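Notes to accompany the following structure.
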Amino acid sequence: MKASTYIFDQLSAQGVERVFFVPGGGAMYLVDALGQHPDIEAVAMVHEQAAVIAAEYDARMRQGLGVALVTCGPGATNAMTGLAGAWIESSPVLVISGQAKSTDINKPINVRQQGVQGLSIRNVVAPITKYAHSFTDVSEVPASIESAIQSALSGRKGPVWLDVPLDIQSAELTDVRPVSVASERQQDDMPELKDALDLIRKAERPMFVIGHGVRIAGAAEDFRQLSDELQIPACFTWNAMDLLPADDVANIGRPGTVGLRAANIALQNCDLMISVGCRLDNIVTSYNKQTFARSAKKLVVDVDNEELKGHGDYADLAICQDAKIFLRALNDQLSAGDLAMTDEWTAYTTSLKNRFSSAYENRILPPSDEIGHYELADLFSEMLPPAQDIVIGSSGMAIEIIFSRLANKAGQRLMLTSGLGAMGYGIPAAIGTSFNSAAKGRQTILIESDGSFWFNCQELNVIKTRQSPIKMFILNNDGYASIRASGKVHFEGRNFGGEAETGLQLGDICAMAESVGIPARRVSARDELEAAIKETLAIEGPALCEIMLNKDEGLFPKVGTVLDPQGKLVSLPMEDMLPLLDLEDLQSVMLVPLAEASLQSRKA
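9 is the number of the first residue of the sequence shown in this note's numbering; add one for each residue after it.
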């Protein structure tokens, strides 16, 4: 059996259903073996970056291994952005690259390149993979596949890379034993569990901070079961926001620098912060980290001990454990009757959620004849159907507004690659999602921004060729709104390359979609918007709707900095979001003393 055939046989045996690939001479035997495999779907992509992004979202949807196949040299380097995104998001993705012949690339000479399109890609990808191996002999293939899959799926999950030279791709393999991959989790014993249970039982104002690690661990249902029983208020990072519907009484919203005021205020007033599967970076805690949940004890649970080391200065109890095992232990040993949590606390968090609604925040918007980002977010909240898979682009002001404001319904899945925040994720991410959505009778909905659209618009060809029923809503605020906003704050309004007037020329989005045969429409009138969304969702097969938005809207509420009376910049605590509440209003919703920064920022 050829090594290339063996590789895909073993991937199929491990549950891999499809591979996203871009063909190339350096991977020709691998591509041929993939194309002939009876049980793996070969999904041809146009660009390697898009292939890896699609593989990441396939992995997310299946809770398994995603696979991309690329050629050597530029094919491998093109895959870097998708690889980096999977690394930060802890997504188990295997990238297989072709390579020049092993006899060409392993010569003991110190030159920059050996072999046709040769590049020592293993050394390039090693820092952002859990395992990377470049084969030097065909006998290494079984053990290396086993190690790669095991590494990707165990502990804190993440991407891996196998680099396969041409001569090894085509070589005959005599050892064709099945690879053995153990289902591995952390040990169930937790010496810290008793202390954790004591903290939770005694807290009068507990609050969960739930991160993407809960979803990665396959613990979504474990958390929902716990929430149904205990009704402890919870806030969620963006990739975890769909674990409870927005109207669930326990769901207080998304906290952070760009988040919801109710979630931030509630979190700042708890007496126990329980973080599960969340990195607690400064996007969640805001930049004034010493004031984060400043009156609370902090219980932090993470599968990665290196992440816990970063919380050593303020975590009262840190537990290195898989989120599923931890939540399962809480379900086994806690009931609502065990808790000292008060009815006043849950009533308080509900009152915050009701008071600081979208309608409250939107009151500051000036009248405009143009469609606004915030009204669009509210309309999406109302109109997008339940039990659908919603992919939201990973960068840009329009995306931040949608993700911070969208009120998700029961059964909706919402996804983005938040850590890297790269433009161009939306279209290939929707492609990777759509296979699994269609198999479950669900629809894939993409919300993407105009600037990000152009980074991987070539993959529209894939959507059309496969007739993937993806409904694409492209939010057009005339280029790079975040760059324009930074120019207003830091450079007296100057921005270069942020819009047409300063050199950025973006094309006609609808014309681009129509050029490959995807029906498209553009809507700019407010009274046509609802019908446009409804009609786009009703089209069979792929469809695109470009929504023209007010280009001058800003991002709010958000945690920021203000000048104190001495002209010094002051970083505000996360409960004190811009636009600022009156001091009396802020005091009225705080159960703990105001931070000094809040007082200083309001002194005359």
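Where is the CB? At the ideal position from N, CA and C, for every residue including glycine.
The model shown is predicted, which means the values in this text are computed figures rather than measured ones.
Which value, in whole angstroms, describes the spacing of the CA atoms of residue i and residue j?
| i | j | result |
| --- | --- | --- |
| MET391 | LEU360 | 25 angstroms |
| ILE224 | ALA11 | 31 angstroms |
| LYS169 | SER445 | For clarity, residue 169 is Trp in the given sequence; the question names Lys instead. Taking the straight line joining both Cα atoms gives about 27 angstroms. |
| PRO477 | THR89 | 26 angstroms |
| VAL399 | LEU251 | 15 angstroms |
| TYR382 | LYS305 | 35 angstroms |
| ASP386 | ALA415 | 8 angstroms |
| LEU77 | PHE29 | 5 angstroms |
| TYR433 | ASP330 | 28 angstroms |
| ARG421 | PRO581 | 31 angstroms |
| LEU586 | VAL266 | 10 angstroms |
| ASN296 | ALA605 | 10 angstroms |
| GLY264 | ALA84 | 35 angstroms |
| LEU325 | LEU338 | 15 angstroms |
| LYS479 | LYS611 | 50 angstroms |
| ASP690 | VAL309 | This structure cannot settle anything about residue 690, because the visible part of the chain is limited to 9 through 612. |
| SER128 | THR111 | 14 angstroms |
| ASP40 | ILE526 | 30 angstroms |
| VAL217 | ILE327 | 15 angstroms |
| GLY440 | ASP377 | 37 angstroms |
| SER142 | ALA539 | 54 angstroms |
| ASP145 | ALA94 | 28 angstroms |
| PHE231 | MET36 | 45 angstroms |
| HIS319 | ARG269 | 24 angstroms |
| THR245 | ALA204 | 22 angstroms |
| ARG336 | ALA528 | 47 angstroms |
| GLU181 | ASP175 | Going by the sequence as given, residue 181 is Leu instead of Glu. If I take the Cα positions, the gap works out to 12 angstroms. |
| ILE455 | LYS332 | 30 angstroms |
| SER460 | GLN158 | 34 angstroms |
| GLY81 | ILE113 | 12 angstroms |
| THR79 | ASP458 | 30 angstroms |
| LYS496 | SER490 | 10 angstroms |
| ALA367 | ASP206 | 39 angstroms |
| GLU315 | ALA418 | 31 angstroms |
| ALA323 | LYS559 | 42 angstroms |
| ASN277 | MET431 | 36 angstroms |
| GLN177 | ARG68 | 29 angstroms |
| SER188 | VAL292 | 39 angstroms |
| ASP236 | LEU342 | 12 angstroms |
Could you tell me how far apart the beta carbons of residue i and residue j are, in whole angstroms, since I believe they sit closer than 8 angstroms?
| i | j | result |
| --- | --- | --- |
| ASP279 | GLU212 | 6 angstroms |
| CYS243 | LEU275 | 6 angstroms |
| ILE240 | PRO199 | Not confirmed; about 23 angstroms, so no contact. |
| ASN484 | VAL524 | Contact flag wrong, Cβ pair sits at about 19 angstroms. |
| GLY106 | GLY32 | 6 angstroms |
| LEU557 | GLY380 | 7 angstroms |
| ALA344 | LEU238 | 6 angstroms |
| GLN475 | GLN396 | Actually they do not touch by this definition, with Cβ atoms about 18 angstroms apart. |
| VAL600 | SER303 | 4 angstroms |
| ALA438 | PRO186 | That belief does not hold up - the Cβ atoms of ALA438 and PRO186 are roughly 34 angstroms apart, past 8 angstroms. |
| GLY163 | HIS220 | That belief does not hold up - the Cβ atoms of GLY163 and HIS220 are roughly 15 angstroms apart, past 8 angstroms. |
| ARG492 | ASP346 | Their Cβ separation, rounded to whole angstroms, is 52 angstroms, which puts ARG492 and ASP346 out of contact at 8 angstroms. |
| THR425 | GLU25 | About 21 angstroms separates the two Cβ atoms, so there is no contact after all. |
Have a look at the DSSP bridge pairing and note the partners of residue i.
| i | result |
| --- | --- |
| PRO150 | Paired residues: none, contrary to the question. |
| CYS328 | ASP310 |
| VAL578 | VAL570 |
| GLU456 | ILE482 |
| ASP171 | SER105, SER142 |
| GLY74 | VAL101 |
| ILE218 | PHE244, VAL284 |
| PHE28 | VAL51, ALA76 |
| LEU586 | LYS566 |
| LYS10 | GLU180 |
Just checking: is the beta-carbon of residue i within a distance shorter than 8 angstroms of some beta-carbon in chain D?
| i | result |
| --- | --- |
| ASP197 | No chain D is present in this structure, which holds just one protein chain. |
Which ranges would you report for the alpha helix (DSSP H) in the segment 237 to 304 if only whole runs of at least 4 residues count?
Those alpha helix (DSSP H) runs which fall completely within the segment 237 to 304 and span 4+ residues are 269 to 276, 290 to 293.
contact_flag[the segment 513 to 527, the segment 550 to 567] where n(CB pairs < 8 angstroms) is 3 or more:
Yes, since at least three Cβ pairs between the segment 513 to 527 and the segment 550 to 567 fall closer than 8 angstroms, the two stretches touch.
Within the chosen definition, does the segment 394 to 411 reach the segment 364 to 373 through at least 3 CB pairs nearer than 8 angstroms?
The segment 394 to 411 is not in contact with the segment 364 to 373.
Within the chosen definition, does the segment 146 to 166 reach the segment 94 to 108 through at least 3 CB pairs nearer than 8 angstroms?
Contact holds: three or more Cβ-Cβ distances are below 8 angstroms.
How about the segment 450 to 469 and the segment 39 to 59: do they share at least three Cβ pairs that are nearer than 8 angstroms?
The way I'd put it, the segment 450 to 469 does touch the segment 39 to 59; three or more beta-carbon pairs between them come closer than 8 angstroms.
Say whether the segment 564 to 579 touches the segment 534 to 546, bearing in mind that this needs 3 or more beta-carbon pairs closer than 8 angstroms, one atom from each stretch.
With fewer than three CB-CB distances shorter than 8 angstroms, the segment 564 to 579 does not count as touching the segment 534 to 546.
Could you tell me which uninterrupted alpha helix (DSSP H) segments, each at least 4 residues in length, are contained entirely in the segment 371 to 406, listed from first to last along the chain?
Entirely contained in the segment 371 to 406, the alpha helix (DSSP H) runs reaching 4 residues are, in chain order, 381 to 391.
Return the chain-ordered ranges of every beta strand (DSSP E) run that is complete within the segment 411 to 481 and spans a minimum of 3 residues.
Complete beta strand (DSSP E) runs here, min 3: 421 to 423, 452 to 457.
Between the segment 533 to 542 and the segment 496 to 511, can you find at least three pairs of beta-carbon atoms closer than 8 angstroms?
Between the segment 496 to 511 and the segment 533 to 542 there are fewer than three inter-stretch CB-CB distances shorter than 8 angstroms, so the stretches are not counted as touching.
Any alpha helix (DSSP H) of 4 or more consecutive residues that is wholly inside the segment 499 to 570
Qualifying alpha helix (DSSP H) stretches, in chain order: 517 to 523, 534 to 546.
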